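Numbering (the working numbering), first residue to last: 12 to 302.
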Amino acid sequence: MTSKATPPSQKNDVVFTRYDRRALTYANSFDNKWQAGTIRSLEWMTGKVTILKMIRQFEKIGAPTGPAFWRGCLDVMGVDLKLDEKQLARIPSDGPIVAVANHPHGMVDGMVLAEILGLRRPDYKILTRNVLTGVDEIASSFLIPVPFPHEKDAQRKFVEMRAAAMAHLKANGILALFPSGVVASSKTLFGPVVEADWNVFTAQLIRRSGARVVPIYFPGANSRVYQVANRVSATLRQGLLLREIVQSCNKPQAPVIGKVLTDDQMAPLASDPRGFMTWLREHTLSLAKSA
């Protein structure tokens with residue numbers, strides 16, 4: 012199954028709007044003017060111009076409304092989503108679900124994840140950084156913004172994020188997130204790319220909501236340029252994230268959707284949440300064998 016074209020019934024359901032270009036940056040979360048300025052400069056030099064051209068194209072053809080918004084974005088980016096229909100059916104059609112995934116690329120992972128869940132059910136939310144939430148109102152309705160640790164009032168925003176996530180699960184919705192909270196990176200300049208440890212916050216969401224869990228694996232990794240920048244400076248890393256979006260364009264995405272965790276697999280959650288998250292990370296990464 013390849014998710015590519017927008018369904019005919021949805022092609023006329025579009026809105027014509029002009030997006031806020033100023034929101035398309037990872038610099039807005041930094042109070043330090045030097046850091047913010049460096050990030051903006053790197054973005055303009057490496058990726059933002061290309062993305063703005065795609066946004067202009069999106070504005071001309073009109074943005075699909077509802078879940079079709081994500082397919083419209085991926086079409087403009089030239090990203091074909093290759094899915095196994097049997098795997099897609101593994102996502103339960105009702106009840107509270109927490110979908111967990113590794114995070115190899117950045118923003119593109121969240122967009123693909125939203126498209127996957129939208130193909131299965133409409134009541135989904137994605138926990139993701141707030142770059143998209145600031146660019147588009149349609150996208151914002153599917154997203155719960157995750158603050159960066161360095162943001163002003165990060166603690167307050169985290170509490171708000173947690174409350175919104177729990178409320179959505181209590182309403183029997185499906186919530187997707189990247190438990191690492193960061194894009195996968197190498198530990199040395201030229202070493203292998205490694206998925207970061209998974210945060211116990213995810214275990215708390217699962218336990219308190221009683222949600223079932225679906226693991227999703229994304230193949231791939233960001234470029235070596237990004238990996239080197241990440242080792243040199245967090246500012247350089249942030250400045251190259253838009254470049255990595257451009258690097259993901261015109262390439263297929265073929266995520267692997269795992270089976271819902273069994274009761275036996277979930278059992279350690281109650282007594283050892285950190286150990287459970289360590290196991291869940293390894294279990295999700297092991298889906299690479301099915302890619």
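Beta carbons: idealized from backbone N, C-alpha and C, even for Gly.
Computed from a prediction, not measured in an experiment: that's the story for all the values here.
- Within the model, the alpha-carbon separation for L130 versus I185 is close to 13 Å.
- The residue from A222, P160 and S196 with its alpha-carbon nearest to that of A187 is A222.
- Where I185 is concerned, there is no enclosing alpha helix (DSSP H), although the beta strand (DSSP E) around it starts and stops at I185 to L188.
- One thing to note: I127 has its Cβ within 8 Å of the Cβ of L94.
- When DSSP states are grouped into helix, strand and coil, V204 belongs to the strand group.
- Of the residues assessed, E148 falls on the exposed side of the cut-off, its CB having fewer than 16 other CB atoms within 10 angstroms.
- Rounded to the nearest whole angstrom, the CA to CA distance from V60 to E171 is 33 Å.
- Scanning M65, E54, G48 and Q98 for the CA closest to the CA of S301 turns up Q98.
- In the same chain as A38, and ignoring 5 residues on each side of it, the C-beta atoms closer than 6 Å to its own belong to A47, I50 and R51, in chain order.
- Segment contact: the segment 228-238 against the segment 265-277, three or more CB-CB distances shorter than 8 Å; contact assigned.
- K198 sits in coil when the DSSP states are folded into three classes, being neither helix nor strand.
- Cβ-Cβ separation between H294 and A195: approximately 16 Å, too far for a contact (criterion under 8 Å).
- Residue nearest to S220 within the set A125, D208, L200 and A182 is A182 (criterion: CA-CA distance).
- Here the segment 158-167 makes no contact with the segment 76-87; the two share fewer than three CB pairs at distances below 8 Å.
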